[in-house]
Ligand code: HAM
């Protein structure tokens, strides 16, 4: 047993995982840029009030899951690690006067989030989200554009089957009456409510509808539906979002019970699940409209919409699906060449030749240990290198041996031409192997 382990609910991403995560991040960044989103980074922690006010005090994220930082007397401020990116990005939008920029302001961030959640498969205390936010556009077209972007991300990542659940949860005009009706409904069933839900009854009945507690699943199924209570403006907005999605041929399933776990949502709400797995900890992503959030955080009334896609869960789902994770899990590219030499002690020359190859843009390693040539060559082959550059006596006349490790052939090459020769050889080598290479991620 090691003396120290990664904190509960967190995990180390070993090279294979980090490589796969990096590919998902790169995919998100590339797509977001293509759709007109600009990168932003907000701090890992914010004043607690940003989250409390933005996300809502009566939510799991604030009540149970916030990672609070121990306060320092002299600052008199309370901070928490970000449990999600939207509140911080909207705080930045207000702080930097982005309301005066051409609207909408489209921002994207891929970053680690922290929730003091009960750890289980797919639910971590530290996890990655690919997030986009379009602030300043009331929709409905941008709502569909964002949902289509999420669906393209999953397809390109290689998720074979997923379901987009869609709902509208009304706005300040129609939701209060619905929440009052919902509260009255739960009051009638107060005896069936578990303690946490009961404590939320008078404060935020929507959270009961969103409860993870299985014991009230039937009660929730019979509760009044928000979609039956939308005002005309919200109903028209929702119909238009669906019309745009239909035009884009994005398939979705209407789910009138989807209310999302954060308080800032208005109107459009959506969540994405791997097909056949609707459990709370399998949601691959979610998002929606938050037309009141900018104002809540001190700005002028401004509409907004966005999503957060859970990259750890996307990776899990990819690995669980039939056929595996495909290109996302492709092995690390192997080095083109490894520099070895007949004089075990001459690490200086091996390192110098490898450094020159790297400066020329090639992926090269050097044998920096002091073992015999035979062992060096064995290690190069084990590394998966395509070529070995063998330094021997002919170095005195400016030549080295270039060995194709797979073909087992070898020829003399002038040191001055080595980078060019390796480049050429590796290109023809790659072409020869093209059939074996994992297919690229494509639309
Ligand atoms: P959320 O539904 O709380 O939304 O989180 C989005 C996604 O993050 C989830 O669907 C899931 O894939 C992933 N996720 C959440 N918690 C965990 C966890 N403990 N472990 C692993 N993955 C997790 C938001 O955070 C909103 N900010 C999304 C949004 C952006 N809405 C508008 N703009």
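In the working numbering, the protein residues as written are 1 to 443. All residues carry an ideal CB built from backbone N, CA and C; glycine is no exception. No experiment lies behind these values; they were computed from the predicted model shown.
For residue 292, the closest of 311, 283, 260 and 265 by C-alpha to C-alpha distance is 265.
By the neighbour-count definition (other C-beta atoms within 10 Å, threshold 16), residue 43 is an exposed residue. Here residue 167 is not near residue 110, since their CB atoms are 8 Å or more apart.
As for any alpha helix (DSSP H) of minimum length 4 sitting wholly inside the region 144-216, the runs are 175-188, 195-200 and 206-209, ordered along the chain. Cβ-Cβ distances below 7 Å link residue 13 to 21 in the same chain, with the five nearest sequence neighbours on each side left out; the list follows chain order.
Within 10 angstroms of the beta-carbon of residue 202 lie fewer than 16 other beta-carbons, which makes it exposed.
Listed in chain order, the non-local C-beta contacts of residue 99 below 7 Å within the same chain comprise 299, 300 and 302, local neighbours out to five positions each way being set aside. DSSP links residue 411 through a beta bridge to 402.
Rounded to the nearest whole angstrom, the C-alpha separation of residue 285 and residue 274 is 10 Å.
Residue 137 counts as buried, since at least 16 other C-beta atoms from the protein chains shown sit within 10 angstroms of its C-beta.
Annotation for residue 388: the continuous beta strand (DSSP E) segment containing it runs 387-391. Pairing residue 92 with residue 135 gives a Cβ-Cβ distance that is not under 8 Å.
At the C-beta level, residue 387 and residue 373 stay beyond 8 Å of one another.
Counting C-beta pairs closer than 8 Å gives three or more between the region 332-346 and the region 390-397, which meets the contact rule. When beta bridges are read from the DSSP output, residue 365 appears opposite 338. If you look at residue 131, you'll find it in the beta strand (DSSP E) that goes 126-135. The beta carbon of residue 288 sits closer than 7 Å to at least one heavy atom of the ligand HAM.
With a threshold of 7 Å, the Cβ atom of residue 86 counts as near the ligand HAM, since some heavy atom of the ligand is closer than that.
Shown here for residue 183: same chain residues with a beta carbon closer than 8 Å to its own, the five before and five after excluded, namely 201, 202 and 205 in chain order. Residue 399 is positioned such that its CB atom lies no closer than 8 Å to that of residue 380. Excluding its 5 nearest sequence neighbours in each direction, residue 123 has C-beta neighbours in its own chain below 6 Å: 117 and 281, listed in chain order. Excluding the 5 residues flanking it on each side, residue 103 has same chain C-beta neighbours closer than 7 Å at 136 and 137, in chain order. 324 is the residue among 324, 306 and 51 whose C-alpha sits nearest the C-alpha of residue 314. At least 8 Å separates the beta-carbon of residue 287 from that of residue 85.
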